[in-house]
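Asker:
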Ligand SMILES: Cc1ncc(COP(=O)(O)O)c(C=O)c1O
């Protein structure tokens, strides 16, 4: 039987690497997600739903590249496609190449809102460009987002993403230093899943509101029946562009994302993560009249929208995306993935209940999280009001058991997780709950 997690205190090469990282990288981290000091590790390699640290310890991975690795690590189909493309050239700037065109033709058939497609490289770029396109199209400056929604790293996205203190109002509180106050003046914030509040704000500001941006599943919170449909209706009535940020839900919750699943077609959709199979590939899809503002033939005209990027349409990423689509389009892929994820969630819930942990396992499809409260959350404030201290303790316990997750945030299931991975996860949860109950 495989042992998961660190088998001995960190030492040797891995300890030296962690120390070196602290000299080279801010906080010893590659980005905004440093692990707690006690759980620091250096990843060596991954395969399927697992990875190994440089001391040789194995972990079951539920962070999965922040959701990008729906097919797990080192999937042979992606590996082969990338290797074959690498022999033919990986990058030709954004001049038309046949691999990119093939991908876009295929995406256009799959994504309901995709009258046109623009490839980009990250989710953040994608939401940034969608917002610019919407502003140009409507000639209006403001953006409405939902409190607790995440749309990337740029200034227009880093407001009201995870406010620690909330008042009675829904305010565009910056999540980071370095954003000029003037940006917040361009942002309106509403509670997720509250259609009446959204209608009030949209109608009151429709003369200055360019777009509403929404994650169709906000982080881990599912939309209430009618919420997305209602947003569609209200934005259409108000002359406001509706942007679905499907960076996470795209290709995870079905081939055509939440727009396919719900039948609600936004004006613009933002996609990243899963489609690139772990390579930096993302795209904006949307209505032709909005997207065609980015036609380079219009350069120099008043309505032209600049949309560009060095790696846009790079064939290496497009080859990975085509290989990803081949796997996703196999009959029964999503049914199997979701049925397996439901089994894991059901077994974890049973274990939490057995220990009277007062904790729910929440999340739709191949996504889950713990929620230490009596009822499932409907918005960000429900999560803020839950027992996050208890959740942190469960998460840290699981991390120590080699169940790799980002504390506090949602976690993912991939197609390559095995029955052994799931059984080991539930067994680890049993031990963590026993310790915490004691
Ligand atoms: C819903 C959503 N939108 C946008 C982004 C930004 O994507 P990226 O990190 O690729 O810039 C993320 C990243 O997690 C996301 O979850």
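In the working numbering, the protein residues as written are 746 to 1183. Each residue gets a CB set at the ideal place from its N, CA and C atoms; glycine is no exception.
On the DSSP bridge assignment, give the partners of residue 796 in chain order.
Answerer: Bridge partners of residue 796: 791 and 804.
Asker: Would you say residue 1023 touches ligand 1, meaning its beta carbon is less than 7 Å from a heavy atom?
Answerer: No, ligand 1 has no heavy atom inside 7 Å of this Cβ.
Asker: Candidates 1064, 1131, 996 and 748: which alpha carbon is nearest residue 1160's?
Answerer: The option with the nearest alpha carbon to residue 1160 is 996.
Asker: Pull up the DSSP beta-bridge partners for residue 865, would you.
Answerer: The partner list for residue 865 (beta bridge, DSSP) reads 1027.
Asker: Using a Cβ-based criterion (distance less than 7 Å to any ligand heavy atom), does residue 993 qualify as near ligand 1?
Answerer: At least one heavy atom of ligand 1 is nearer than 7 Å to the Cβ of residue 993, so yes.
Asker: So what's residue 1015 in DSSP terms, helix, strand or just coil?
Answerer: Residue state, collapsed to three classes: strand.
Asker: Using the three-state DSSP reduction, which class does residue 1060 fall into: helix, strand or coil?
Answerer: Looking at residue 1060 - three-state DSSP - the assignment turns out to be helix.
Asker: Around the C-beta of residue 1034, are 16 or more other C-beta atoms found within 10 angstroms, so that it is buried, or is it exposed?
Answerer: Result: exposed.
Asker: Should residue 1150 go down as buried or exposed, given a rule of 16 or more other Cβ atoms within 10 Å for buried?
Answerer: Residue 1150 is buried by the Cβ-count criterion.
Asker: Which partner residues does residue 986 have in the DSSP bridge list?
Answerer: Note: residue 986 sits in a beta bridge opposite 956.
Asker: Using a Cβ-based criterion (distance less than 7 Å to any ligand heavy atom), does residue 998 qualify as near ligand 1?
Answerer: Incorrect: residue 998 has no Cβ contact closer than 7 Å to ligand 1.
Asker: Run the CB neighbour count on residue 775, radius 10 Å, all protein chains shown included, and call it buried at 16 or more, exposed below.
Answerer: Answer is exposed; the Cβ neighbour count stays below 16.
Asker: If you follow the alpha helix (DSSP H) that residue 837 is in, where does it begin and where does it stop?
Answerer: First-last for residue 837: undefined, no H or E at that position.
Asker: Just the C-alpha distance for residue 978 and residue 759, rounded to the nearest angstrom, thanks.
Answerer: Taking the straight line joining both Cα atoms gives about 55 Å.
Asker: Tell whether a beta-carbon distance below 8 Å holds between residue 794 and residue 805.
Answerer: It is a contact, given that the beta carbons lie within the stated cut-off.
Asker: Which parts of the region 841 to 910 are runs of the alpha helix (DSSP H), unbroken and 4 residues or longer, counting only runs that do not cross its ends?
Answerer: Runs found: 843 to 855 and 868 to 883.
Asker: Just to confirm my understanding: we take residue 867, look at its own chain, exclude 5 residues before and 5 after, and list those with CB closer than 7 Å. What are they?
Answerer: Around residue 867: 1017, 1025 and 1027.
Asker: What separation, rounded to the nearest whole angstrom, lies between the Cα atoms of residue 848 and residue 1029?
Answerer: Approximately 13 Å between the Cα atoms of the pair.
Asker: Taking C-beta to C-beta, are residue 1055 and residue 1022 nearer than 8 Å?
Answerer: Their beta carbons are not under 8 Å apart, which means residue 1055 does not touch residue 1022 by this criterion.
Asker: If we ignore side chains and look at the alpha-carbon of each, how far apart do residue 1080 and residue 884 end up?
Answerer: Going by the C-alpha atoms only, they are around 43 Å apart.
Asker: Per the DSSP calculation, residue 934 is bridged to which residue(s)?
Answerer: The partner list for residue 934 (beta bridge, DSSP) reads 890.
Asker: What does DSSP give as the partner residue(s) for residue 919 in the beta ladder?
Answerer: Residue 919 pairs with 904.
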